[in-house]
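Encoded as structure tokens, the structure appears first; notes follow it.
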């Protein structure tokens, strides 16, 4: 019936979303490759699609490279190298901000993406970001 097809579709989408979130958690815990390999091929592909759409390609390439299919490895490798190239410019901009604000004696903190990239992620290029969040003291 239409109701059971709708339920199956919704539960399939929910299962894929849950699988993706569990994969992110497993990667954070250092068990990403093991968890990824335990997934069905369909769920692996779904996780890769979601990961790429949400900006996790570089992280997946860095952490799951050996376990990825050849096609996904190539795709994520290209995304990873693009992110590495971007990271070089980003780091230069961040260093310029640090230098200029230091010269002007203006204290600031890097927030969110930049802070996480350099403190939490295995390599800064594995943290997708497109801006620089700075916090200044209001005086």
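Residue numbers (this note's numbering): 31 to 169. In this text, a Cβ means the ideal position worked out from N, Cα and C, and glycines have one as well. Please read all numbers here as calculations on a predicted model, not as lab measurements.
The three-state secondary structure of residue 44, taken from DSSP, is helix. C-alpha of residue 167 to C-alpha of residue 136: approximately 9 Å in a straight line. Here the segment 83-103 makes no contact with the segment 118-127; the two share fewer than three CB pairs at distances below 8 Å.
Annotation for residue 90: no beta strand (DSSP E) segment contains it, though the alpha helix (DSSP H) segment containing it runs 87-94. In this structure the segment 139-156 does not touch the segment 73-82; the number of beta carbon pairs closer than 8 Å is below three. Of the other Cβ atoms in all chains shown, 16 or more fall within 10 Å of the Cβ of residue 98; this residue is therefore buried.
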